[in-house]
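What follows is one structure encoded as structure tokens, with my remarks underneath.
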Amino acid sequence: MEDTLMTVKQYEAARLEYDAYRTDLEELSLGPRDAGTRGRLESAQATFQAHRDKYEKLRGDVAIKLKFLEENKVQTPPLGSLPTSLSVTLTRPISEWENAA
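First residue of the sequence shown? That's 1 in the UniProt record's numbering, and the numbers climb one at a time after it.
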């Protein structure tokens with residue numbers, strides 16, 4: 001559970017960075033094209049792509065971890081009856097245990 005929360009926080013930070021670099025790239029793309037802008041545009045494109053890859057990887061990681069949590073959630077109801085079963089079993093008198101054997 002803690003690992004999933006940490007991954008979700010990393011995903012959220014990566015999403016914010018991805019959005020920021022995407023906005024920077026869009027602004028540079030819409031601006032005037034000269035020799036200086038071309039270098040900055042290529043640099044922004046590379047940085048944007050790196051953050052996009054990180055964002056997409058974390059998005060996949062979060063999806064997988066949420067799927068695992070959902071699968072574990074389905075398996076927990078049988079465990080919910082365990083305390084009740086144990087309390088019924090452990091509160092039986094010893095004579096019932098001896099007669100059952």
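Ideal Cβ positions, reconstructed from N, Cα and C, are used throughout, including at glycine.
Between the alpha carbons of Thr47 and Glu56 lies a distance of about 14 Å.
Secondary structure at Pro32: coil, using DSSP grouped into helix, strand and coil. Here the alpha carbons of Asp19 and Glu27 stand approximately 12 Å from one another. Secondary structure of Met1 (DSSP, three-state): coil. With a threshold of 16 other beta carbon atoms within 10 Å, Leu16 falls short and is exposed. A check of alpha carbon separations from Glu12 across Lys54, Pro83, Lys67 identifies Lys54 as the nearest.
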